[in-house]
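As structure tokens, the structure follows; a few thoughts come after it.
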Amino acid sequence: MGYATPGSFGSWCADISLPCITAELPPISADAASECYLAALIDLLTRPD
1 MGYATPGSFG
11 SWCADISLPC
21 ITAELPPISA
31 DAASECYLAA
41 LIDLLTRPD
């Protein structure tokens, strides 16, 4: 990137007024996580309200 990147993604989003959601998933494979959680995350992120 060419510059220091201390802190967290959430802090960076707050600094630039960008909404951020952190989803902590269990230690499972990406495929298993997609099967278990993808539909719910899509529903959450595409709610009209």
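With UniProt numbering applied, the sequence shown corresponds to residues 1 to 49, in that order.
Note that beta-carbon positions come from the ideal geometry of N, C-alpha and C, so glycine has one too.
Judged by beta-carbon spacing, L41 lies within the 8 Å limit of A23, meaning their Cβ atoms are closer than that value. Cα atoms of I16 and A32: separation of roughly 33 Å, rounded to the nearest angstrom.
A straight-line Cα-Cα distance of about 12 Å links E35 and L25. It is roughly 17 Å from the alpha-carbon of A39 to the alpha-carbon of I28.
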